[in-house]
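Worksheet: the structure to be examined is printed underneath.
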Amino acid sequence: MDLPRRPKHLPQVQALAAIGQCKLMAMWDQLFAHLRQPVAQILLTRNDIADRTQYLNAQNTLHELLGMGVIPIVNENDTLSVQEIKFGDNDTLSAITAGMVQADYLFLMTDVDCLYDKNPRDFPDAKPVEIVEDIAELDADVSSAGSSLGTGGMGTKIVAARLATAAGVTTVITRSSKPGNIAAIVQYAESQKAAARSLEASGELPVRVPHHDTAQPPGTAVLINGTSTLHLDQPPLPPLHTRFLPDPHPIRDRYFWLLHGLAPHGTLYIDTGAHAALAAKAGLLPVGIVDVAGTFGQQECVRVSVLQSRDTTKLDEAEEVGRALVNYSSAEIKRIRGVRSSQIAEVLGYADSEYVAWRESVALFKREMSRPVTPSSTEGKRMSMGRLSGYVDGFHLDSCMLRRFPVFASNPPSGAATKVTAPAVRMITIRASRTGWSLKSTEARRR
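So for the sequence shown, our numbering puts the first residue at 132; every next one is plus one.
Here it is, written out as structure tokens:
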């Protein structure tokens, strides 16, 4: 467009994004045409997944494309996105997409091989963190990597890994300049799973071996739980990477949407009795609410935080335990907090529901494995969605996702678009440089 510099005015930036999307998709289509591989484009904003119907439509479209053997190229809709409804980085977008389609693997590409316990640029004795079983216990330096193509860094990848593993997706951080490593990493991980199943079926104990790249110095060690999974008829050890193991009890479907698809507008502070009731699959009653923070309307998302006492001077000690879509506004909940459901009509003059939130509209972190049903009542369920707000400023261009059948690829002009089929692993690698584009296809057989 012969512009001397990047414009700062939002309409100009979005207009240029619209122009660039055409050129970007034309390039993807041209490159994949060499492999006779059809591709499709899906553009998303936060608003698209904040509405439950639109979320399901996006999910169904992704599944349909994958079933047709088409690789969806998912990108944020920069032409329409504004600060309040942007994802912020493609790490987050890729993790949400991975959860939507229940992918087997999510690969987050960066400029280092893996996480380290210390910054390897400053400490030569830094050791790689290769297996992470619990992100909450992760002790690693996240200042050593970022993306020259995006505004985020390793910190956003940790957040994305937490989100994806909670949905049951194995997440891998590895070097973006070596996209061919993806096939070797997947083959190694799948061989470990197969060996584990074989030993479990035979009743034998697994043989646990250190997991590290043979090219690493002898001091290389695993920092999380010390060892990886078993070793039995495995392929050669894979290139160095960090693998985040999926939660054995993943959050799925509606609960994943509640926890990660919506931006909270406020906070409900509840007592331990209300928390125990939610854990026992009961709905949230007003008697268990201690306080309310923020301004929100009916059917908007809020944080749910637990107080160990009903002392409102200790709100900063509350622990966030989940999210909820509420049946009453913040002003209404402030009036009915602490009262019995039978008193709601007396206080408000009406009673839309005996619950502040139905149980199926509450999602607790690390607890949801199936969708319970709140005992039915006579009132109808209002499903209108309110406004959505958030923050972000920019996004990564170097994330990709992997699945056993033809799968999602990220939007980057740099990175890897990948496709995996059983029993073969086929790699489609697309690279960008200042001088042009290149494409390579390789295939590696599983053992």
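Quick reminder that beta carbons are idealized off the backbone N, C-alpha and C, glycines included. These numbers were taken from a predicted model, which means no experiment stands behind them.
Answer yes or no: do CYS245 and VAL260 have a C-beta to C-beta separation smaller than 8 Å?
Against a cut-off of 8 Å, the Cβ pair of VAL260 and CYS245 comes out as a contact.
Alpha carbon to alpha carbon, what distance is there between ARG383 and VAL317?
If you take the alpha carbons of VAL317 and ARG383, they lie about 23 Å apart.
Assigned exposure category for THR228 - 16 Cβ within 10 Å defines buried:
Using a 10 angstroms sphere on the CB of THR228, the tally of other CB atoms reaches 16 or more, which defines it as buried.
Taking only three categories from DSSP, how would you classify ILE382?
In this structure, ILE382 counts as coil in the three-state DSSP scheme.
Burial state of MET199, where buried means 16 or more other Cβ atoms lie within 10 Å
Counting the other Cβ atoms within 10 Å of the Cβ of MET199 gives fewer than 16, which makes it exposed.
Kindly indicate which residue of VAL421, TYR486 and SER484 has the alpha-carbon position closest to the one of LYS465.
The residue with the shortest Cα to Cα distance from LYS465 is VAL421.
If you follow the alpha helix (DSSP H) that GLU195 is part of, which residue opens it and which one closes it?
Bounds of the alpha helix (DSSP H) holding GLU195 are 183-198.
Please state if the CB of GLU463 and the CB of LEU446 are separated by a distance shorter than 8 Å.
No, these two residues do not count as a Cβ contact at 8 Å.
CA nearest to the CA of LEU224, picked from TYR459, GLU207, VAL423 and ALA234:
Relative to the Cα of LEU224, the nearest Cα in the group TYR459, GLU207, VAL423 and ALA234 belongs to GLU207.
Our contact map puts GLY469 next to VAL423 with C-beta atoms below 8 Å; I'd like the distance itself, whole angstroms only.
With a Cβ gap of about 11 Å, GLY469 and VAL423 do not count as contacting.
Looking at the strands, I want to know which residues DSSP matches up with ALA234.
ALA234 is not bridged to any residue.
Alpha carbon of ALA291 to alpha carbon of SER460, nearest angstrom:
Those two C-alpha atoms are separated by around 31 Å.
Only counting the same chain, and skipping five residues up and downstream in sequence, which positions put a Cβ closer than 6 Å to that of ALA597?
The structure shown has nothing for residue 597, since the chain only spans 132 to 578.
Return the chain-ordered ranges of every beta strand (DSSP E) run that is complete within the segment 379-443 and spans a minimum of 3 residues.
Every unbroken stretch of the beta strand (DSSP E) spanning 3 or more residues and falling wholly within the segment 379-443 is given here in chain order: 397-401, 420-425 and 432-437.
Restricting to Cα atoms, I'd like to know which of VAL435, ALA455, GLN152 and GLU195 is closest to ALA449.
When only C-alpha atoms are compared, the closest one is VAL435.
If you reduce the DSSP assignment to three classes, tell me which class ALA171 lands in.
DSSP places ALA171 in the strand class (E or B) of the three-state scheme.
Would you check if the distance between the CB atom of LEU390 and the CB atom of ALA455 is smaller than 8 Å?
Going by C-beta atoms, LEU390 is not nearer than 8 Å to ALA455.
Please tell me whether VAL170 and TYR236 are closer than 8 Å, where the distance is taken between their beta carbons.
No, these two residues do not count as a Cβ contact at 8 Å.
Output needed for PRO395: all residues of its chain with C-beta closer than 7 Å, excluding positions within five of it in sequence on either side, in chain order.
The residues are CYS432, VAL433, ARG434 and ARG454.
Could you please give the first and the last residue of the uninterrupted beta strand (DSSP E) stretch that includes LEU495?
For LEU495, the enclosing beta strand (DSSP E) stretches over residues 493-495.
Use the C-beta contact count for PRO203: other C-beta atoms within 10 angstroms, 16 or more gives buried, fewer gives exposed.
Only buried fits PRO203, as 16 or more other CB atoms lie within 10 angstroms of its CB.
ARG374 versus LEU330, GLU331 and GLU321, residue with shortest Cα-Cα distance
Checked all of LEU330, GLU331 and GLU321; the closest Cα to ARG374 is GLU321.
Since MET158 sits in a beta bridge, which residues does DSSP pair it with?
None, per the DSSP bridge assignment.
From which residue to which residue does the alpha helix (DSSP H) around ARG328 run?
Unbroken alpha helix (DSSP H) run through ARG328: 312-333.
Considering just the uninterrupted stretch of the beta strand (DSSP E) at THR302, what are its terminal residues?
Here the beta strand (DSSP E) through THR302 covers 301-306.
Tell me whether HIS406 is buried or exposed, calling it buried when 16 or more other Cβ atoms sit within 10 Å of its Cβ.
With 16 or more Cβ atoms within 10 Å of its Cβ, HIS406 is classed as buried.
Could you tell me the alpha carbon to alpha carbon distance between LEU162 and GLN172, rounded to whole angstroms?
LEU162 and GLN172: Cα-Cα distance of roughly 14 Å.
Going by DSSP in three states, PHE375 sits in which element: helix, strand or coil?
Under the three-state reduction of DSSP, PHE375 is assigned to strand.
Alpha-carbon to alpha-carbon, MET158 and ARG137:
About 22 Å.
What separation, rounded to the nearest whole angstrom, lies between the Cα atoms of GLY428 and GLU451?
Taking the straight line from one Cα to the other gives about 20 Å.
Alpha carbon to alpha carbon, how far is ALA234 from TRP388? Give it in angstroms, no decimals.
For TRP388 and ALA234, the distance between alpha carbons rounds to 15 Å.
So, with DSSP's three-state summary, where would you put LEU446?
Reduced to three states, the DSSP call for LEU446 is helix.
Just to confirm, is the Cβ distance from THR403 to VAL437 under 8 Å?
Yes. Within cutoff.
Taking the alpha-carbon positions, what's the ALA295 to THR184 distance?
When rounded, the separation of the alpha-carbon atoms in ALA295 and THR184 is 22 Å.
Could you pull the start and end residues of the alpha helix (DSSP H) that VAL290 belongs to?
Per DSSP, the continuous alpha helix (DSSP H) segment holding VAL290 begins and ends at 285-297.
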